[in-house]
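Participant:
Structure representation (structure tokens):
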């Protein structure tokens with residue numbers, strides 16, 4: 002039976018794995034777009050990120066489907082964290098500010 006501490010740890014590991022994967026993707030896109038050889042950036046990043054995530058899921062899961070499922074849910078949550086952290090600063094501030102009417106509108 003799985004003890005109660007391993008499931009939260011699996012979820013936390015999933016969040017970290019998701020942040021590494023999607024943060025690495027964000028970084029690769031930013032670096033690859035301005036590179037003279039973007040194919041190397043994208044291919045190398047894909048192989049590295051996928052290898053890291055597969056190894057992480059293998060070790061976190063440890064043959065237990067419950068840990069693997071919780072890790073996957075954490076991975077998806079990590080994606081949301083990276084999306085929230087990498088959005089432009091203007092969007093972060095405008096979400097909390099109230100929209101005003103333009104002068105041309107009546």
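Numbering (the working numbering), first residue to last: 2 to 107. The C-beta atom is built at its ideal place from N, Cα and C for all residues, glycine as well.
#1: Starting from residue 67 and walking both ways along the alpha helix (DSSP H), at which residues does that stretch end?
#2: Does DSSP classify residue 52 as helix, strand or coil?
#3: Return the chain-ordered list of same chain residues with a C-beta closer than 6 Å to the C-beta of residue 50, the five sequence neighbours on each side being excluded.
#4: So what does DSSP say about residue 35, is it helix, strand or coil?
#5: Going by C-alpha to C-alpha distance, which of 84, 15, 66, 37 sits closest to residue 53?
Facilitator: Taking the geometry as given:
#1: Bounds of the alpha helix (DSSP H) holding residue 67 are 66-87.
#2: In the structure shown, the three-state DSSP call for residue 52 is helix.
#3: Excluding five sequence positions before and after residue 50, the CB atoms of its chain that fall closer than 6 Å to its own CB belong to 22, 25, given in chain order.
#4: Residue state, collapsed to three classes: coil.
#5: Nearest C-alpha to residue 53: 15.
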